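Below is one structure, written out as structure tokens, with a few remarks after it.
Residue numbers (UniProt numbering): 1 to 282.
Here it is, written out as structure tokens:
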């Protein structure tokens, strides 16, 4: 499913290196991932989330904090994938891999043969993800220029990650689906009130794009109890709100913040050409 980021040819993935027919070669790192983000494509020295934020996210997810969200994601995908069909599952902007691992497990438990893989622009994120799931394939890459062949992905995840709709549509197979997760209106409103004088609620994401059409949608809302100050600190550290806080205020919030609202909008998308084919057939 992988293609060379320097030319449009497929990558052969045998051994400790991936090579295309133009002899562009990319080595498999010790942790098991492959860097498919050439230096000339980087816009900064260390793009993506930093190590501290990713470690906080790993700690937060290790506590099962967003388990209801992950369960809803898996159920929505399962409702749109043919029973027991093989699945190429790809997470664009995978972070440290928690969502991909959960969805992969759920699909396998439903008797799907799953090939799970993911990408992130942050090298440290991909390294963390790869160490947690050696049986997955991970690459360093931008979601705006995916090193993935056309029509090669059955199910794609995009959770709180920037990307390019036309790229998602390009790599999805004929019956492929994209699952996106965006914050709901009240998501972490308690934290936002602690950071901003006049906190704004999240705006609803658009239900259509030039390349994709929404075919299903769910709202997931629950109250998240923060078990101890370390749990609260992990939440603070994994969000951009932490940059707005003075050290003393952050320390205080570790003790004060005991419950937050978790609110999500989950949507399932298909490339617009799929819908056009349905309309033509009708």
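Heads up, the beta-carbon is just placed ideally off N, CA and C, and yes, glycines get one too. Note that the structure is a prediction, hence the values are computed from the model and not measured.
Identify, in the order they occur along the chain, each residue of the same chain with its Cβ nearer than 7 Å to the Cβ of residue i, setting aside the five sequence neighbours on each side.
{"i": "residue 224", "result": "65, 259, 260, 262"}
{"i": "residue 91", "result": "99, 100, 118, 157"}
{"i": "residue 302", "result": "Outside the displayed span of the chain (1 to 282) sits residue 302, for which this structure offers no information."}
{"i": "residue 134", "result": "32"}
{"i": "residue 202", "result": "183, 184, 185, 187"}
{"i": "residue 173", "result": "151, 152, 153, 154"}
{"i": "residue 19", "result": "11, 12, 25"}
Have a look at the DSSP bridge pairing and note the partners of residue i.
{"i": "residue 26", "result": "18"}
{"i": "residue 124", "result": "In the DSSP output, where bridge partners are listed per residue, residue 124 has none listed."}
{"i": "residue 117", "result": "90, 137"}
{"i": "residue 260", "result": "224"}
{"i": "residue 283", "result": "One cannot answer for residue 283 here, as it falls past the ends of the chain, which runs 1 to 282."}
{"i": "residue 10", "result": "3"}
{"i": "residue 34", "result": "28, 139"}
{"i": "residue 219", "result": "265"}
Quick one: grab the DSSP three-state call for residue i.
{"i": "residue 275", "result": "For residue 275, the predicted structure reports a pLDDT of 44, less than 50, and the residue's modelled location is therefore unreliable. The matter cannot be settled from this model."}
{"i": "residue 65", "result": "coil"}
{"i": "residue 231", "result": "helix"}
{"i": "residue 130", "result": "helix"}
{"i": "residue 242", "result": "helix"}
{"i": "residue 46", "result": "coil"}
{"i": "residue 59", "result": "helix"}
{"i": "residue 111", "result": "coil"}
{"i": "residue 251", "result": "helix"}
{"i": "residue 280", "result": "Reliability fails at residue 280, whose pLDDT of 41 lies under 50, so the model's placement of it is uncertain and no value is given."}
{"i": "residue 79", "result": "coil"}
{"i": "residue 98", "result": "helix"}
Quick one: is residue i buried, meaning 16 or more other Cβ sit within 10 Å of its Cβ, or exposed?
{"i": "residue 230", "result": "exposed"}
{"i": "residue 30", "result": "exposed"}
{"i": "residue 7", "result": "exposed"}
{"i": "residue 74", "result": "buried"}
{"i": "residue 79", "result": "exposed"}
{"i": "residue 196", "result": "exposed"}
{"i": "residue 113", "result": "exposed"}
{"i": "residue 227", "result": "exposed"}
{"i": "residue 25", "result": "exposed"}
{"i": "residue 67", "result": "exposed"}
With a threshold of 6 Å on Cβ separation, who are the neighbours of residue i within its own chain once the five nearest residues in sequence on each side are excluded?
{"i": "residue 189", "result": "261"}
{"i": "residue 264", "result": "69, 181, 184, 220"}
{"i": "residue 216", "result": "268"}
Tell me which residues share the same chain as residue i and place their Cβ nearer than 8 Å to its Cβ, disregarding the 5 neighbours each side in the sequence.
{"i": "residue 278", "result": "Per-residue confidence for residue 278 stands at a pLDDT of 39, beneath the threshold of 50, marking its modelled position as unreliable; the derived number appears in the next sentence. Excluding sequence neighbours, residue 278 sits near nothing in its chain."}
Worksheet entry | Residue ranges of each alpha helix (DSSP H) within the segment 142-200, 4 or longer | 165-171, 189-195
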